[in-house]
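A.B. asks:
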Amino acid sequence: MGGGSLSVSPAFDMSLIDSKKIIPCYFYVMVRTADQEARRRQVAEALLTVIARDGLAGAKLASVAAEAGTSIGLVQSYFRSKSDLLRFGIEYMYARAAERIAEAPRGTTIRQTLISIMETLLPLDEARRGELSVWLAFIPVTLTDPAMRALHHHNTERLLSGLTDGFARAQQTGELPSRLDPREEASALVALTDGISVHCLATGGDFDAARARRLLTNHLDRLFTEGSDSP
Numbered sequence: 001m002g003g004g005s006l007s008v009s010p011a012f013d014m015s016l017i018d019s020k021k022i023i024p025c026y027f028y029v030m031v032r033t034a035d036q037e038a039r040r041r042q043v044a045e046a047l048l049t050v051i052a053r054d055g056l057a058g059a060k061l062a063s064v065a066a067e068a069g070t071s072i073g074l075v076q077s078y079f080r081s082k083s084d085l086l087r088f089g090i091e092y093m094y095a096r097a098a099e100r101i102a103e104a105p106r107g108t109t110i111r112q113t114l115i116s117i118m119e120t121l122l123p124l125d126e127a128r129r130g131e132l133s134v135w136l137a138f139i140p141v142t143l144t145d146p147a148m149r150a151l152h153h154h155n156t157e158r159l160l161s162g163l164t165d166g167f168a169r170a171q172q173t174g175e176l177p178s179r180l181d182p183r184e185e186a187s188a189l190v191a192l193t194d195g196i197s198v199h200c201l202a203t204g205g206d207f208d209a210a211r212a213r214r215l216l217t218n219h220l221d222r223l224f225t226e227g228s229d230s231p
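For what it's worth, full-length UniProt numbering labels the leading residue of the sequence shown as 1, then goes sequentially.
1. Between the alpha carbons of SER133 and ILE117, how many angstroms are there, rounded?
2. Can you check whether the CB of ALA186 is closer than 8 Å to the CB of THR156?
3. For a minimum of 4 consecutive residues, which ranges assigned as the alpha helix (DSSP H) are wholly contained in the segment 72 to 144?
4. Less than 6 Å between C-beta atoms, sequence neighbours within five positions excluded: which residues of the same chain meet that for TYR94?
5. Using the Cβ count rule (16 or more neighbours within 10 Å means buried), how would you classify ILE139?
6. Consult DSSP for GLU185 and reduce its assignment to one of helix, strand or coil.
7. Roughly how many angstroms lie between the CA atoms of THR109 and ARG179, to the nearest whole one?
8. Using a Cβ distance threshold of 8 Å, determine whether the segment 83 to 99 contacts the segment 197 to 216, with at least three qualifying pairs required.
9. Would you mind reading off the limits of the alpha helix (DSSP H) that contains ALA68?
10. On the premise that ILE101 lies in contact with THR120, defined as a C-beta separation below 8 Å, what is that separation, rounded to the nearest angstrom?
11. Report the option in GLY204, LEU215, SER197 and ARG87 whose CA atom is closest to the CA atom of LEU47.
12. My guess is that GLN36 and ALA68 are in contact by the Cβ rule of under 8 Å, so how many angstroms apart are they, rounded?
13. In the DSSP assignment, find the unbroken alpha helix (DSSP H) run with PHE167 in it and report its ends.
14. In or out: GLY166 buried (at least 16 other Cβ within 10 Å) or exposed?
15. What does a CB cutoff of less than 6 Å around THR113 pick up in its chain, not counting 5 residues either side in sequence?
16. For SER83, is the classification buried or exposed, using 16 other Cβ atoms within 10 angstroms of its Cβ as the cut-off for buried?
17. Beta-carbon separation of ILE115 and LEU220 under 8 Å?
18. For GLU131, collect the residues of the same chain with a Cβ closer than 6 Å to its Cβ; drop the 5 residues on either side in sequence, then sort them by chain order.
Below you can see the structure in the form of structure tokens.
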């Protein structure tokens, strides 16, 4: 460098730092990434629809592509194999359930909050009935597929951990007695909710939404009323 001027290597194009060029490029990348994620979600939604309607055996790439209104080639560009597609689909389903739990109204008591959270897992509308059908289709797969088993275990453990914390806090506030095991109560609540959900799907009118809510609420009412340390 000399003469107080800035020397720039001929190999470096100063136009690269022109914001008018950087910003459109940045937004192009962002839009493209967002578009790819939207397409993946679109394919995942189509996969869940196909499995809920036709079972796991019917979840062929061609069927999923047709349901998504796209080509098999596009589906394959996002998922290298059917196993990758199925794994993404179940992860997507668990993510949707987690979002509902996060958005569930928090009550003024722990009992009310637990009821609100667990109701999000009951098949009380068409979307959740479809998700339950998909979940039931995947359960047998966990018996032979270690990756699917680990995925199921991870998400179940997250739910159990949160519920265990809730029951433990209820003990601290005197809503539940110290003799109860928070982990055991969390496991029992998940098992009850799973059982109610399966009966709702399998028996239809005998286990409608009102009855499902009532069974869940009655269980927690008994637990919190009979177990309370309050006089």
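The C-beta atom is built at its ideal place from N, Cα and C for all residues, glycine as well.
C.D. replies: In brief:
1. 20 Å
2. no
3. 72 to 78, 82 to 103, 110 to 119 and 126 to 142
4. ASN155
5. exposed
6. helix
7. 20 Å
8. no
9. 61 to 68
10. 6 Å
11. ARG87
12. Not a contact, Cβ separation roughly 14 Å.
13. 146 to 172
14. buried
15. ARG106 and GLY107
16. exposed
17. yes
18. MET93
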